[in-house]
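Residue numbers (the working numbering): 3 to 806.
This is the structure we're talking about:
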């Protein structure tokens, strides 16, 4: 290992020293006062195209590096000064550096009504309820993918495994053009890695989602906006990656085509994952009249593969009528094997012993289909009426066989359990946007028809007949329907330095649950009011303050509702609860931002959550089984603090730092006993990158996730590191990267503890942490703009636990 990293460092050092690219520099001053002009915009142009742009430093200095030997034009723009253009010829130089000397800008004293001065768009923009990052203003977007560019977006970061984090949290929703995508929900980092950043207009971080959005994602929403300009051509990318010891091969790609009024965008990929054998253990101590201690130790492995494809089509009937559609499909298959040894001791006496061998298989697939019709108005192009329809279904089945061996005082037979879970939903939506001067009014109607089905069965081996016989007492068929009618109305008003957004969402939900095998039913309905408001104040020199308040609602998902009892570990059973109702929460957040040379954002928030859906564990002394299910048993309070900064140290070296300090308290009733838990949950991420002039780059990161808490216990903290190198080849068309994650430690241990009435239990799972990967990314084609999209579409993100 030392030899490998020494070789890499020597190679990068050699490439850095041997690079012979050209550079030019200079400094900008006020022509009258002779004082340096800091943060002026300088653009490097060639043939009327902007190649690079930057801001002058505090002393007015600037420098462009890694240039070719040709003629350039420099453009200088600063607020209150006349723009200036200067030619720079690098074709005949005696040394690799051209010093432009001192450039003087003249104050613009004339105020001519017919003169319009065009300046570069700001890179970062703060709005009342969101922060946006303009990828088209950043020249690096031409050579990078969307995932790489997310490292530069305020409030976003990537951990050592390239998982996206919003304010240090993984609780968020990703939308594309304001609508959900089954493709993104399944594996966002792999899809975004195959998506070229040049096809994206901007990335929005919505910290206070307005009333038009449904509900999931307490940290906020990431909204990826694609190009809206129409142009002809095509663009494509391909990505191939190999990871080991864990992981496996994966390939992905994207293709965008535009011809006349027709546009098509598609993404797809295949991936395989392998987890070698690792160990796990359980320990449970009970008290009372039959106090005992349970010890379980075992090994497990799993293999999986999945594939996905997504396509979007857009057709412009004319300038005011647009039809767009989406079709997505994904499929997965998994196989797992495990062996577990179990002993129960009462005092010093062995009470029970057995070993359990498990072989399981799982299959799943999902279909996502949507169509939108957008109608514009001649009187105002921003006035729109949109009709949308979406059909989404998902199926997941599992088949587990369990064999008992070496039994002592254990009389349960071999058994098999099957579960076939299905979910589907149809959504009808109408949206209307009406701008009036500085006021924008939005309103909409929405109807969701959602069905959740589960058929599960338990089969025990009969020694006399020699076959497996179904146990009807442990089998059931479950049907659950959720019909939702919703309405929203929101208002947005903008002044010079102020922005206001407010609105309310009203939803009526009807639930009908049917236990077919037991001939029992459950019916209930409820009405929810979901208000939201956000205020933003901009100050001089890039300072801004935002205040937001909103109410969020999350309906329980199929995995929390499904009454299927998982008995893969006979001492610990798990099931859902069909009696669950939605969780509601109120969120207040105050944030301060400063975007100039360095990008900085800090925020504090408070969450007040009622009827929280939480896992509940109860120990039955008679059966010696811990049963875990879900319940709306209590509430939670969470105080949050987040800080983010992106700082360029030099023109080639930069770093990102984010940290969070959350303090939470949760309380509720478990088996008639009031339980409470509270504690500090810290976390942070630090990353740095250096780009050599030769095209090589090096990146390093460190992340830390503190402990988490729940009603009856919590989990442990863990940390990780990552190093990677990358190289751009063939005029930034082909790129290569290699990474080493958590190379200092082989395993990571996930430890969880749960305590309740007359019991305390601990679990420990061993997982491979050390991984290595190699990847290639190839981009080709030419597309001046992207596909025109419907500005309004369906976004169903109200389900807690989700339909994954």
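Cβ atoms here follow ideal geometry from the backbone N, Cα and C, with glycine treated the same way.
Item                                                                                                                                                                                         : Value
According to the neighbour-count rule (16 or more other Cβ atoms, all chains shown, within 10 Å of its Cβ), is residue 652 buried or exposed?                                                : exposed
Does residue 400 pass the burial test, meaning 16 or more other C-beta atoms within 10 Å, or should it be called exposed?                                                                    : buried
Kindly indicate which three-state DSSP category residue 414 falls into: helix, strand or coil?                                                                                               : coil
Quick one: grab the DSSP three-state call for residue 212.                                                                                                                                   : coil
Out of 740, 719, 718, state which residue places its alpha-carbon closest to the alpha-carbon of residue 2.                                                                                  : As displayed, the chain neither begins before 3 nor continues past 806, which places residue 2 out of reach and without an answer.
Among 568, 243, 213, 264, which one has its Cα closest to the Cα of residue 235?                                                                                                             : 264
Just confirm the distance between the C-beta atoms of residue 549 and residue 537, as a whole number of angstroms; I'd bet it's less than 8 Å.                                               : 5 Å
For residue 207, write down the residues that DSSP places opposite it in a beta bridge.                                                                                                      : 133, 224
Could you pull out every residue in the same chain whose Cβ sits closer than 7 Å to the Cβ of residue 768, ignoring the five residues on either side in sequence?                            : 280, 281, 282, 749, 751
Have a look at the DSSP bridge pairing and note the partners of residue 320.                                                                                                                 : 323
Could you name the residues of the same chain whose beta carbon sits closer than 6 Å to that of residue 742, not counting the 5 residues immediately before and after it, in chain order?    : 725, 774
Per DSSP, what are the beta-bridge partners of residue 313 in this structure?                                                                                                                : 268, 329
Helix, strand or coil for residue 1 per DSSP?                                                                                                                                                : Given that the chain is displayed from residue 3 to residue 806, the structure contains no residue 1 and the question cannot be resolved.
Mind checking residue 386: buried by the 16 CB within 10 Å criterion, or exposed?                                                                                                            : buried
Which first and last residues belong to the beta strand (DSSP E) in which residue 65 is found?                                                                                               : 63-69
Report yes or no: do the region 487-495 and the region 456-464 share at least 3 C-beta pairs separated by less than 8 Å?                                                                     : no
In the region 329-383, which residue ranges form an unbroken beta strand (DSSP E) of at least 3 residues, counting only runs that do not cross its ends?                                     : 351-379
Near residue 547, which residues of its chain fall below 6 Å by C-beta distance, leaving aside the five closest residues on each side in sequence?                                           : 539, 594
Does the beta-carbon of residue 342 have 16 or more other beta-carbons within 10 angstroms, so that it is buried, or is it exposed?                                                          : buried
For residue 658, is the classification buried or exposed, using 16 other Cβ atoms within 10 angstroms of its Cβ as the cut-off for buried?                                                   : buried
Would you tell me roughly how many angstroms separate the C-alpha atoms of residue 115 and residue 39, rounded to the nearest one?                                                           : Since pLDDT at residue 115 reaches only 43, below the 50 mark, its modelled position is unreliable, and the value read off the structure follows with that caveat. Looking at the two C-alpha atoms, the distance is approximately 26 Å.
For residue 383, which option in 396, 434, 501, 561 has the closest C-alpha, if you only look at C-alpha atoms?                                                                              : 434
Compute the Euclidean distance between the alpha carbons of residue 672 and residue 721, then round it to the nearest angstrom.                                                              : 32 Å
Does the distance between the C-beta of residue 574 and the nearest non-hydrogen atom of the ligand GTP fall short of 7 Å?                                                                   : As presented, the structure is devoid of all ligands, the ligand GTP included, so that no description of it is given.
Using the DSSP secondary-structure output, state which residues sit across from residue 583 in a beta bridge.                                                                                : Beta-bridge pairing links residue 583 to no other residue.
Excluding the 5 residues preceding and the 5 following residue 666 in the sequence, name in chain order all residues of the same chain whose CB lies nearer than 8 Å to its CB.              : 638, 639, 640, 641, 680, 681, 683, 711
Is it true that the region 594-606 meets the region 563-583, where meeting means three or more beta-carbon pairs spaced less than 8 Å apart?                                                 : no
In three-state terms, what does DSSP make of residue 766?                                                                                                                                    : strand
CB residue 392 to CB residue 372, shorter than 8 Å?                                                                                                                                          : yes
Considering only residues of the region 506-565, which uninterrupted alpha helix (DSSP H) runs meet the minimum length of 4 residues and lie entirely inside it, listed in chain order?      : 560-563
Considering just the uninterrupted stretch of the beta strand (DSSP E) at residue 158, what are its terminal residues?                                                                       : 158-160
For residue 491 versus residue 506, is the C-beta spacing smaller than 8 Å?                                                                                                                  : yes
Over what stretch of residues does the beta strand (DSSP E) that includes residue 672 continue unbroken?                                                                                     : 655-672
Please work out which residues of its chain come closer than 7 Å, Cβ to Cβ, to residue 353, disregarding the five sequence neighbours upstream and downstream, and give them in chain order. : 294, 346, 347, 411
Just to confirm, is the Cβ distance from residue 479 to residue 513 under 8 Å?                                                                                                               : no
Under the three-state reduction of DSSP, which class applies to residue 199: helix, strand or coil?                                                                                          : helix
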